[in-house]
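Enquirer: Please see the structure below; I have some questions.
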Amino acid sequence: MSKQVQILLSRPLTVNLGTDENGQPKSLKLPMGLQHVEEEVAKNWFVKAHCQEISNNDIQTSELQKQLEIVNEELSILQTQSDEATKKIGQLEGIVKDRDTEISNLKIQAAKDLQTQASESKDALDQAQKVIKDRDAEITKLKADLAKATSVKEPSKEKDTPKET
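Sequential numbering of the sequence shown, starting at 650, is according to my numbering.
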């Protein structure tokens with residue numbers, strides 16, 4: 650196997666390299682751009698006529714071009730992932746907003762319910778206090794009636810019972 654060299658072609662070429670052992674024609678198709686070929690192919694007069702000199706700058710440019718293509722592919726993948734993440738973030742922000750609204754509404758409803766319960770409890774307490782006050786008044790009246798009845802009965806008891814001397 651012979652040594653590999655680089656050539657720079659400005660257009661695609663088909664190089665005729667003679668015939669093989671069986672007398673069949675040998676040809677090689679080379680695409681445009683920087684190519685790695687056998688030294689024998691690079692020395693072919695037709696290839697020499699259609700290739701350009703390769704400088705270190707050309708080699709570096711070719712390598713950088715390959716790296717740039719790889720980086721651009723990776724960038725495209727990352728951009729797609731970023732777009733998907735941005736979309737997901739938007740969806741999640743919408744969900745959070747909806748839940749915040751729901752929480753706010755539930756807090757308002759809870760406050761209203763608590764206020765209603767407090768009002769109902771106050772009304773029940775006021776009613777119970779009124780009932781107690783009415784019963785206290787009734788008890789006081791009954792005690793007064795009892796005292797009157799007892800004082801009216803006591804003098805008659807004194808008359809019925811003889812006095813001891």
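Cβ coordinates follow ideal geometry from the N, Cα and C atoms, glycine included. Being a predicted model, the structure only gives us computed values, none of them experimental.
What is the DSSP secondary structure of glycine 667, counted as helix, strand or coil?
Expert: Reduced to three states, the DSSP call for glycine 667 is strand.
Enquirer: If you pair each beta-carbon of the stretch 725 to 735 with each one of the stretch 689 to 699, do three or more pairs fall below 8 Å?
Expert: Contact fails: fewer than three Cβ-Cβ distances are below 8 Å.
Enquirer: So what's glutamate 687 in DSSP terms, helix, strand or just coil?
Expert: Note: glutamate 687 maps to strand in three-state DSSP.
Enquirer: On the premise that valine 686 lies in contact with glutamine 653, defined as a C-beta separation below 8 Å, what is that separation, rounded to the nearest angstrom?
Expert: Yes, they are in contact, since the Cβ atoms of glutamine 653 and valine 686 sit about 7 Å apart, within 8 Å.
Enquirer: Check this for me: beta carbons of leucine 679 and leucine 662, under 8 Å apart or not?
Expert: Cβ distance < 8 Å, so leucine 679 and leucine 662 count as in contact.
Enquirer: Assuming valine 690 contacts valine 664 under a Cβ cut-off of 8 Å, what Cβ separation, rounded to an integer in Å, is found between them?
Expert: 6 Å between Cβ atoms; contact.
Enquirer: Do you know whose CA, among Glu688, Leu677 and Gly672, lies nearest serine 651's CA?
Expert: Closest by alpha carbon: Glu688.
Enquirer: Buried or exposed: which applies to asparagine 693, given that a residue is buried once 16 or more other Cβ atoms fall within 10 Å of its Cβ?
Expert: By the neighbour-count rule (16 or more Cβ atoms within 10 Å), asparagine 693 is buried.
Enquirer: Across which residues does DSSP place valine 654 in a beta bridge pair?
Expert: Note: valine 654 sits in a beta bridge opposite Val686.
Enquirer: Suppose contacts are defined by Cβ-Cβ distances below 8 Å. Is leucine 666 in contact with serine 676 by that definition?
Expert: Yes, the Cβ-Cβ distance between leucine 666 and serine 676 is below 8 Å.
Enquirer: For a test of the three-state rule: what should DSSP assign to glutamine 673, helix, strand or coil?
Expert: DSSP places glutamine 673 in coil when its eight states are reduced to three.
Enquirer: Whose C-alpha, out of Ile656, Glu670, Glu723 and Glu702, is nearest the C-alpha of methionine 681?
Expert: Ranking the options by Cα distance to methionine 681, first place goes to Ile656.
Enquirer: To which residues does DSSP link lysine 678 through a beta bridge?
Expert: According to DSSP, which records beta bridges pairwise, lysine 678 is partnered with Thr663.
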